[in-house]
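> In the order they appear, the protein sequences are chains A and B. Just so you know, we're using our numbering here: the first sequence kicks off at 471 and counts up by one. Just so you know, we're using our numbering here: the second sequence kicks off at -16 and counts up by one. Here you go, one structure.
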Amino acid sequence: MSAPERLPAIDNGLLRFLTCGSVDDGKSTLIGRLLYDTKTILADTLHAITRTSERRGLETVDLSLLTDGLQAEREQGITIDVAYRYFTTGRRKYIIADAPGHEQYTRNMFTAASTANLAIILIDARKGVLTQTRRHSYLAHLLGIPHIVVAINKMDLVDFDQATYERIRGEYREFAATLGIGDVSFIPLSALDGDMIVDRGARLDWYQGPTLLDILEDAPGAHSERDEPFRFPVQFVCRPQKSGNPKLHDYRGFMGRVESGEIGVGDEVWVLPSEKRTRIKAIEVHGHSLPRAIPEQSVTLLLEDEIDVSRGDMIVRAEESALVTRRIETMLCWLDETPLDPQRKYLIRQTTRETRAVIESIVYRLDINSLLQKPAERLEMNDIARVCFRLAQPLCVDTYVANRSTGAFIVIDETANSTVGAGMII
Amino acid sequence: MSTLALHQRATLSHLDWLEAESIHILREVAGQCANPTLLFSGGKDSLVLLRLAEKAFRPGRFPFPLLNIDTGHNYDEVIDFRDSRACQLNERLIVRSVEDSMRRGTVVLKSPGESRNKHQSVTLLEAIAEFGFDCCIGGARRDEEKARAKERIFSFRDEFGQWDPKNQRPELWDLFNARVHKGENIRAFPISNWTELDVWQYIEREKLALPSIYFAHKRQVVRKNGLLQPVTELTPARAGDVVEELTVRFRTVGDITCTAPVLSDADTVARIIEETAITTITERGETRLDDQTSEASMEQRKKEGYF
């Protein structure tokens, strides 16, 4: 065997990012190009899309075929749901959420954006900033994606003209400022030919910035940029007293994932919503003891005192409590074909907690194109609105801006069991 | 943006992140479902699932039994491995076989030697009904095949076991919805976000034992349509076939009649990782004789309740 070509040498962890743009912006081509140029496309896959390209009478291989997954979409020639793609560069693993751009699929972009730490917003260099560009940017911002990359694509169709790029950049900046979007990078590229994706190409010499892949390689990972309070929603309680092992008779492990912040053995903690106080006795994973736990790590916590803790409770660091509340103000996106009915009760799931909820008021509906606030009696699929809920049981929350885990929730229709809404606590 | 603080806080390596996400998913299944089961075949992906379940639930026992749908077309090494692993872990293993479904008449073969991969769906649905399982945990990954790229981590199946790509629950953040009515169920895929390379790297890191056929060994094979067909009792050489003894290994272990080995002298996990990192053929394309029929064949089978 020859030496491995792409084994992770330095592990820069994992980055989840999102691509947004319409079919015409070349989004699928961009993703195809990233996979192709990082050598992630394998021979039989390439062979299959080459055959399909030929069948459709195309002269070159259509890289967008790589990301068009389902039969129905292939027939319609459009992407209709969120698809996930993977590649690795040897330094970092990437998860791409590929969300479609049509207006009626706001909910898909919402879904894709919820887990992303960076968004690539595609603009067709011939068309500039469009309504949908504004919509995508607003949604990315609303969903709290900290890094936005505006990719001005199809530079090959405007003769790689720097003035066109500068004009679009200026236009976007102006609009981004009105939304309060701070961190934006801009990059000119041609997804079709590959300029500035992984390789610089020879036709964009006037652009001195990093390539798209360079931006991705250096983008900060989730939770790496600021100190966050410790949040540990309890998922499952481990009580193995029946195992026959006398040492485990009094074992009570509280299992969950650190949603944010860090905790160490000996630290004083509060259990919400009861606000009982104790200390961390041990942090374990599969029989190993750890001195600390860091964000996104799944661990088992053992507590000094025997206090009542169950699934749905949240362990926080003393003096860093979350808000325990029976009323939440939210920005809500309605995801279901059946409209929101303000008379009905719904279930809200936030962290590992679930409670019945009633709608106190729909403050306004946001017109996603004009970003104007409008009155609303009910909400249709893809509507975004400011909604207040009253809750049967208290939730332990932070604002979404402060914490993307404890500030997020989904709405479940108890009759159909379907997930009908998703929201962020203000 | 201040770039000073970048990467100063501790973050997880990609493998640690994947592991933590999978543990989180397994614990959500345990927390939300009344009667889940974990599908365990003895194959590498399901062995990874078992290690993740240990990390998720030890020192307790798993809050679910293991379930194997036996096609009767398995290599003995894999079946032996399946049984011994379940025994080592001291967890309950339920086996239901396609052959029982054939005797009941619920599975009817078109030809006696055909692949039983698609017939597993019937036996699986029968087992789900028999035990009243509301969730089956499986080792499918989104990188395996195009149709899987849009699969949810918690994937809803109606009472016919059908997957409807247009009727899937939106999945946001790490908030999963496993609620079902009686008769319906959820398929939960804790390693959705893993690639084949991730799986092998994890096997190496965790020093997981695997059935011997994953490693290079000598085997009699016939070359067919660019793939190697093993010569077995179920797939004997036919007149005119040229039987060769080659050094091969399996990348997936499934129904003998449709799982092809690849030429390889990789006899350790480390050497398999080297090969996987530079391989040019996707896992399913290289080794699944039944996926080649059409680009959409997996999607078709999933609609029919295939795992």
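The C-beta atom is built at its ideal place from N, Cα and C for all residues, glycine as well. The model shown is predicted, which means the values in this text are computed figures rather than measured ones.
Would you give the residue range spanned by the alpha helix (DSSP H) that residue 564 of chain A belongs to?
Note, residue 564 of chain A: premise wrong, no alpha helix (DSSP H); beta strand (DSSP E) at 563 to 568.
> Are the CB atoms of residue 243 of chain B and residue 191 of chain B within a distance shorter than 8 Å?
If you check the CB distance, residue 191 of chain B and residue 243 of chain B do not come in under 8 Å.
> Just by C-beta distance, which residues in the stretch -3 to 18 of chain B are closer than 7 Å to chain A?
-3, 0, 3, 6, 7, 10, 11, 13 and 14
> Which partner residues of residue 681 of chain A appear in the DSSP bridge assignment?
Its beta-bridge partners do not exist; DSSP assigns none.
> Could you check whether the stretch 847 to 855 of chain A touches the stretch 573 to 593 of chain A, counting it as contact only if at least three pairs of C-beta atoms, one from each stretch, sit closer than 8 Å?
These segments touch.
> Among the candidates B:136, B:238, B:133 and B:5, whose CA atom is the shortest distance from the CA of residue 32 of chain B?
B:5
> Since residue 881 of chain A and residue 832 of chain A are thought to touch, with beta carbons under 8 Å apart, how far apart are those beta carbons, to the nearest angstrom?
The pair is not a contact, with the Cβ atoms about 13 Å apart (cut-off 8 Å).
> Kindly list, in the order they appear in chain A, the residues whose Cβ is closer than 7 Å to that of residue 40 of chain B.
708
> Please state whether DSSP places residue 734 of chain A in a helix, a strand or coil.
strand
> Along chain B, which residues have their Cβ under 8 Å away from the Cβ of residue 873 of chain A?
By Cβ distance, chain B contributes nothing, its closest Cβ being about 11 Å from residue 873 of chain A, past 8 Å.
> Please confirm if the stretch 833 to 842 of chain A is in contact with the stretch 776 to 795 of chain A, defined as three or more CB-CB distances below 8 Å between the two stretches.
no
> Check whether the Cβ of residue 146 of chain B lies closer than 8 Å to any Cβ atom in chain A.
So no, residue 146 of chain B is outside the interface.
> So residue 168 of chain B is in the beta strand (DSSP E); what residue range does that whole segment cover?
168 to 171
> If you measure from the beta carbon of residue 892 of chain A to each beta carbon in chain B, is any gap under 8 Å?
So, interface residue.
> Can you tell me the Cα-Cα spacing of residue 639 of chain A and residue 621 of chain A, whole angstroms?
Just so you know, the alpha carbons of residue 639 of chain A and residue 621 of chain A end up roughly 10 Å apart.
> Scan the stretch 716 to 786 of chain A and note each continuous beta strand (DSSP E) run of 3 residues or more that stays entirely inside, going in chain order.
723 to 727, 738 to 742, 746 to 755, 758 to 760 and 768 to 773, all fully within the stretch 716 to 786 of chain A.
> Spell out whether any CB of chain B is found under 8 Å from the CB atom of residue 523 of chain A.
no
> For the beta strand (DSSP E) holding residue 75 of chain B, just list the boundary residues, first then last.
Careful: residue 75 of chain B lies outside any beta strand (DSSP E) and carries neither H nor E.
> Counting only Cβ pairs nearer than 8 Å, list the residues of chain B close to residue 700 of chain A.
Chain B residues near residue 700 of chain A: none, gap ~13 Å exceeds 8 Å.
> State the DSSP-derived secondary structure class of residue 606 of chain A, mapped to helix, strand or coil.
helix
> Are residue 734 of chain A and residue 701 of chain A close, meaning C-beta to C-beta below 8 Å?
no
> With a CB to CB cut of under 8 Å and the five nearest residues on each side skipped, what residues in its chain are close to residue 162 of chain B?
So the qualifying residues of the chain are 15.
> Would you mind stating whether residue 598 of chain A and residue 641 of chain A have Cβ atoms separated by less than 8 Å?
yes
> Please state if the CB of residue 689 of chain A and the CB of residue 617 of chain A are separated by a distance shorter than 8 Å.
Cβ atoms of residue 617 of chain A and residue 689 of chain A: closer than 8 Å.
> Quick one: which residues of the stretch 185 to 200 of chain B get their C-beta closer than 8 Å to a C-beta of chain A? List them in chain order.
Taking a C-beta cut-off of 8 Å against chain A, none of the residues of the stretch 185 to 200 of chain B qualify.
> What does residue 611 of chain A touch in chain B if you count any residue whose Cβ is under 8 Å from its own?
Taking the beta carbon of residue 611 of chain A as reference, no residue of chain B falls within 8 Å; the closest one sits roughly 15 Å away.
> Please confirm whether residue 244 of chain B has its beta-carbon closer than 8 Å to some beta-carbon of chain A.
No, because no Cβ of chain A sits closer than 8 Å to the Cβ of residue 244 of chain B.
> If you draw a straight line from the C-alpha of residue 697 of chain A to the C-alpha of residue 873 of chain A, how long is it?
11 Å
> Is residue 556 of chain A helix, strand or coil by DSSP?
strand
> Excluding five sequence neighbours on each side, which residues of the same chain lie with their C-beta closer than 8 Å to the C-beta of residue 888 of chain A?
Closer than 8 Å at Cβ, skipping near neighbours: 806 and 882.
> Kindly list the residues whose CB is nearer than 7 Å to the CB of residue 626 of chain A, restricted to its own chain and excluding five residues on each side of it in sequence; keep chain order.
Within the same chain, residue 626 of chain A has close Cβ partners 660, 662 and 663.
> Please classify residue 671 of chain A: does DSSP put it in a helix, a strand, or coil?
DSSP places residue 671 of chain A in coil when its eight states are reduced to three.
> Report the neighbours of residue 580 of chain A on chain B: residues whose CB is nearer than 9 Å to its CB, in chain order.
153 and 155
> Cα separation between residue 846 of chain A and residue 895 of chain A?
Spanning the two alpha carbons is a distance of roughly 19 Å.
> With DSSP collapsed to three states, give me the class of residue 183 of chain B.
helix
> Does the CB of residue 766 of chain A have a neighbour CB from chain B at under 8 Å?
Yes - at least one Cβ of chain B is within 8 Å of the one on residue 766 of chain A.
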